[in-house]
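*Asks:*
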Amino acid sequence: MRIAIADDDPEIIEFLGKIVEGLGYVYSGYVDGTSLTNALLRDTFDLVILDWNMPGKTGMEILQWMASAVEDCPPVVMMTSRTAKQDVSDALNAGADDYITKPEDKNVIAARINALLRRNSGASAMEPTAEYGDYRLNRIEQTVRHGDKEIALTAKEFELADLMFRNRDRTLSRRYIMETVWRTNAHLATRTLDMHVSRIRSKLALKPENGFRIFTVFGYGYRLETLGNGG
Amino acid sequence: MKLRQRLAMEWLAVALLASCVVAALTSWESLSRLDNLVYDQLSAIDRPTPPSEILIVKIDEDSLAAYGKWPWSRQRHVELFDQLAVGDPAAIGFDILLSEPGDPEDDARLAQSIAGNRDLYLPLHFVFPGSNGAEYDVKQPIEPLRQAAAGIGHVNLAIDTDGVVRRAALCFGDKAAKEDWPHLIELIYRAVHRQPSPAYDRLEDCEKRLLMPFADRGSYTSVSYAALAEGQVPLTFLQDKIILIGATANGLGDQYPVPLGDGGTLAGVEIMANLFGAIARDDFVLPLSFPQQLALSLLPTWILLIGFWRWRPRTTIIVSFGLILAILLSSVLLMQFQLWLAPAAALVGVILVYPIWGWRRLQATSDFMDSELQNFHRSSVDIPIMRPDLGPVDVITGQAEKLTHAISHIRDLRRFINDALSNLPDPMFITDLDGKVKFVNRLAQTGMEDGAQDLALDDMLDRFVSPTDLQGVHEYLDLKNRPTKHDYVDFTSLDGQIFAMRRAPVVSDDGVLRGHIHYLADITEVAHAAQQREEVLELLSHDMRAPQAAILALLDGKEPDDTTSRIEDHARRTLALADNFVGLARIESSEFEGEDILLAELVAEANDSLWPLSNARSIVCELEDQSDGAFISGEPSSLYRSFVNLIDNAIKYSPHGGKVEITIRVTELDRQPHVSVSVADQGSGMSDEMLGQLFERFASDDREAHSSIKGAGLGLNFVAKVIERHGGHIRGENRRSGGACFTVVLPLAPEIESQDD
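Those sequence lines, one after another, are chains A and B.
To convert a position in the first sequence, counted from 1, into our numbering, add 86.
To convert a position in the second sequence, counted from 1, into our numbering, add 64.
#1: Where in the segment 207-259 of chain B do unbroken runs of the beta strand (DSSP E), each at least 3 residues long, occur, reported from the N-terminal end onward?
#2: Which bits of chain B does F251/A rub up against, with CB to CB less than 8 Å?
#3: Can at least three beta-carbon pairs, one atom from the segment 75-83 of chain B and one from the segment 697-710 of chain B, be found at a separation below 8 Å?
#4: With a threshold of 8 Å between beta-carbons, can K289/A be considered close to chain B, or not?
#5: Return the residues of the segment 605-637 of chain B that lie within a Cβ-Cβ distance of less than 9 Å from chain E, sorted by chain order.
#6: For Q561/B, is the beta carbon positioned less than 7 Å from some heavy atom of the ligand SAM?
#7: Since G115/A and I91/A should fall inside the 8 Å C-beta cutoff, what is the C-beta to C-beta distance between them, to a whole number of angstroms?
#8: Report the neighbours of I300/A on chain B: residues whose CB is nearer than 9 Å to its CB, in chain order.
#9: Listed from N- to C-terminal order along the chain, which residues in the segment 642-666 of chain B have their beta-carbon within a distance smaller than 7 Å of any beta-carbon of chain A?
#10: Kindly list the residues whose CB is nearer than 8 Å to the CB of E686/B, restricted to its own chain and excluding five residues on each side of it in sequence; keep chain order.
#11: Can you check which of these residues, E589/B, M399/B, T532/B, G422/B, is closest to I381/B by C-alpha distance?
#12: Which value, in whole angstroms, describes the spacing of the CA atoms of S395/B and P277/B?
#13: Counting only beta-carbon atoms, is G693/B nearer than 8 Å to chain A?
#14: Use the C-beta contact count for H790/B: other C-beta atoms within 10 angstroms, 16 or more gives buried, fewer gives exposed.
#15: Taking the alpha-carbon positions, what's the T240/A to E295/A distance?
#16: Could you list which residues in chain A have their beta carbon closer than 9 Å to that of P700/B, in chain order?
#17: Alpha carbon to alpha carbon, what distance is there between I581/B and F493/B?
#18: Taking only the alpha-carbon atoms, compute the straight-line gap between A410/B and D99/B and give it to the nearest angstrom.
#19: Along chain B, which residues have their Cβ under 9 Å away from the Cβ of K192/A?
#20: Taking DSSP as the reference, what is the three-state secondary structure of M608/B?
#21: Apply the 10 Å Cβ neighbour rule to R299/A and answer buried if 16 or more other Cβ atoms are within range, or exposed otherwise.
#22: Give me the Cα-Cα distance between P96/A and Q746/B, rounded to the nearest whole angstrom.
#23: Restricting to Cα atoms, I'd like to know which of Y583/B, G317/B, G341/B is closest to L330/B.
#24: Any C-beta of chain B within less than 8 Å: which residues of the segment 138-151 of chain A qualify?
#25: Whole angstroms is fine: what's the gap from I474/B's alpha carbon to G796/B's?
#26: By DSSP, does P321/B sit in helix, in strand, or in coil?
#27: Quick one: grab the DSSP three-state call for A291/B.
#28: Which residues does DSSP pair with G310/B in a beta bridge?
#29: For F301/B, count the other beta carbons within 10 Å of its own beta carbon; 16 or more makes it buried, fewer makes it exposed. Which is it?
#30: Leaving aside the five residues before and after S361/B along the sequence, list all residues of the same chain whose C-beta is less than 6 Å from its C-beta, in chain order.
#31: Considering only residues of the same chain and omitting the five flanking positions on each side of V786/B, which have a CB-CB separation below 7 Å?
#32: Check whether the segment 277-292 of chain A touches the segment 232-249 of chain A, counting contact only when three or more Cβ pairs, one atom from each stretch, lie closer than 8 Å.
#33: Output yes or no for whether 8 Å exceeds the beta carbon distance between L209/B and D171/B.
#34: With a 10 Å radius around its C-beta and 16 neighbouring C-beta atoms as the bar for buried, classify F645/B as buried or exposed.
#35: Check the Cβ-Cβ distances between I98/A and every residue of chain B, and say whether any is below 8 Å.
#36: Going by DSSP, what residue range makes up the alpha helix (DSSP H) through F782/B?
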């Protein structure tokens, strides 16, 4: 796997590079937007980690440029020091596959990179059962077992839980979740999704102690984060 | 009611009343005395000359002196009739009743004498009231005389209600016998002219009475009965004369008041002579038929009534007097054509209608002015304008003065508004409903054309607004219902200034939209300031965070020791400070935009995010959710940050291995549903000094922090601002069992329809 890292701060490139190498991948670092775009035209990458604020071209500009200029566009993770909710949802809505707010723990970054590459390699076939940390999902019976405890879920709750486990460490848009689980793209029922996520959190006890944490990306969607050895 | 409607109603009422009065007066002839008075005066203007063939033979005082007291013996008349027969007159009318039989021999002698005359007519009388309850008795001459006479005619007089004889009954109907009796004079006319008189021919009804003109008193040739009987008159004088014999002596009672203007009376025989004159000349005056009389009586009243709408009061009063004259004049004129228009009803109508209308109009106008002035005072704007002191006057004058005052008040007000508008510091313009610019103020200073007046709004905007913002401005102007928030539109003008434009409706007093008023505020400086502020926030948000992030990234690979962990703490503290500062700045500069938030989820996530911190110090954060899925309307980022701050604080001040209790529950505040979140720690609690200034900016937290990280200073201030912004409350206190407890209370979001699967 080849990963392009673009950041105006060499320290950050080095930091991210170590994480990537730790995962067994190789990386190329770029300190400005122009060199990254040149590289993207010449070279092929499996993932691009893109800083929002860079000399030459900003992350948003590169994102828009990639959508039109690069064939078979690799997934993009936006890195940003900005925290405004609007910035995050703007980036995701503009086509970024995920985003990471600096500073972030290296384990989290590693999990997020893995999640994107996992999806990209298409290696997530639907097995009858799946294990995520202490959680074991039985897709035929639609049951979840946590340790030795059987947890009863409704059909929709199971589908939602399954979707989030399969896409752990990835930010899913509300729209995507609604279309996948409820098979509707209507904007209605925003409270319904909130309520289901809340029920999964409490029923499955998805909290840091159990190695998982549900994270709301305000104005965009949800992410199930793995902590420690969850992935 | 509007003045117009009220006046129309009043007018209609007055018109109806006047018409009814005039019609009633006309049909009941209740004003006949007045009419007669006029008639008498008018008929005196042109008295006829009597026909020369009439000779009245008077039974006067001289005759009574000569032949003794009345009644005379019938023998006396025999002698006269024999004498007359020799004179060969054209006809003789004998106005003496001969209805009682006397000595049969005398009666026979009289009959013979009557027959000896060629055309001698005898009278018949209707006596009112009749005997035995009959309406009248018909008194005919006795049988032999009736046979002898050339004819019998009635001699009844038509006496008006005032007792004056003005009319003649050419025909008198004996209804009981169904027999019409022509007048004696009519019979004489027929005897002379061998045909009925034209007036009689024209009579469509026997009962019709005709007004007859009277010749001056004494203008008829007359001789005394005695003189004639004594042969003092040559018999040739009688040749072809029409001789009317009757009593004129006062004592004989055959005297009637006549309209000769002198109040005197005329003997019956003289009235008959006048009647003959009228028949011979055919100059009877005919009263107008009722419809004609009614129409002509109403006409002047209606001329005035219609004139009331058009003419000024002065014109109306002149016209009124003119109409009175015209009515009298038309009576005079019609008289020349032998027609009688009774003027009284018409005169009364004209005299009546003007004051009544004047009164009603004044009343209506007065009431209207009163109510309008009241309205005006109720709605008048208090501006510094002097009020003149009004002395005591009558009501109408008082109202007029008030009106004058009100008008001058309005004039002042208009001036005031004009001054106020043109001196407004900000440019504005007013458009009408067609989008035409009607009023401009200080547009020149904005760079908009001076000649913007009467320009179409769209054209003006095209010339003024930069093309990129034009769309937005049009969208704003096209909005029918404006949201209360953002009720303005920002745009950049072609020369680079930035304006905020606000549009407000211009509505008339009764609520009809008349146009729009557009206010422009030059916000160039404000906008630039906001932009600079945004740049500062950008700097803090990114450029200050980035180095801290780099420091943390650098440290991440190092073996942790005391120095690196302290560097890491400082970096994190700087990050938190920047976050809180930026957060504070943002909420102070932006408008609140709430969205549905499941509060328990948000608190749970805030708690989860702090797990590494609590876990590192073996602190348990226990979350108890009793909110039953309570939604609030809020800003997720700032709320999230607030709860992170609160829980972070609780962890910081908790002892190693301690417990932080987070409780979410539904509660009520001021009878409104709320949801409360309390965060309680088991630390040492807060000092009194600290409790007093908990949420102030840069309040120093003097508690002993167990974490090596000191508070960021802005944390609680930020929380307080955020909660206040959400319409909630926050309080901090020490628990009785020790430790601090912070409670946040937020209003519940309104329920929306549940869309559960």
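Think of the CB as a built atom: it goes at the ideal place given N, C-alpha and C, for glycine as much as any other residue.
All figures in this text were calculated on a predicted structure; none of them were measured in a lab.
*Replies:* The relevant details are as follows:
#1: 215-218, 229-232, 235-238, 243-246
#2: The contacting residues do not exist; F251/A stays about 17 Å from chain B at best.
#3: no
#4: no
#5: Checking the listed chains, one finds no chain E in this structure; the protein chains it contains are A and B.
#6: Among the components modelled here there is no ligand, and therefore nothing to report on the ligand SAM.
#7: 5 Å
#8: Within chain B, E665, A668, E669, D672 have C-beta atoms less than 9 Å from the C-beta of I300/A, given in sequence order.
#9: Residues D643, D660, L662, A664, E665.
#10: K723, V724, E725, I726
#11: G422/B
#12: 15 Å
#13: yes
#14: buried
#15: 24 Å
#16: K171, T302, F304, G305
#17: 6 Å
#18: 11 Å
#19: Neighbours of K192/A on chain B, chain order: A617, D620, G621.
#20: Per DSSP, reduced to three states, the secondary structure at M608/B is helical.
#21: buried
#22: C-alpha separation (whole angstroms): 44 Å.
#23: G317/B
#24: Residues W138, N139.
#25: Those two C-alpha atoms are separated by around 59 Å.
#26: strand
#27: Assigned with DSSP and collapsed to three states, A291/B falls in helix.
#28: K122/B
#29: Burial call: exposed.
#30: V86, T90, A409, A410
#31: Hits under 7 Å: I651, S702, L703, S706.
#32: yes
#33: yes
#34: When all chains shown are included, F645/B counts as buried.
#35: yes
#36: 779-789
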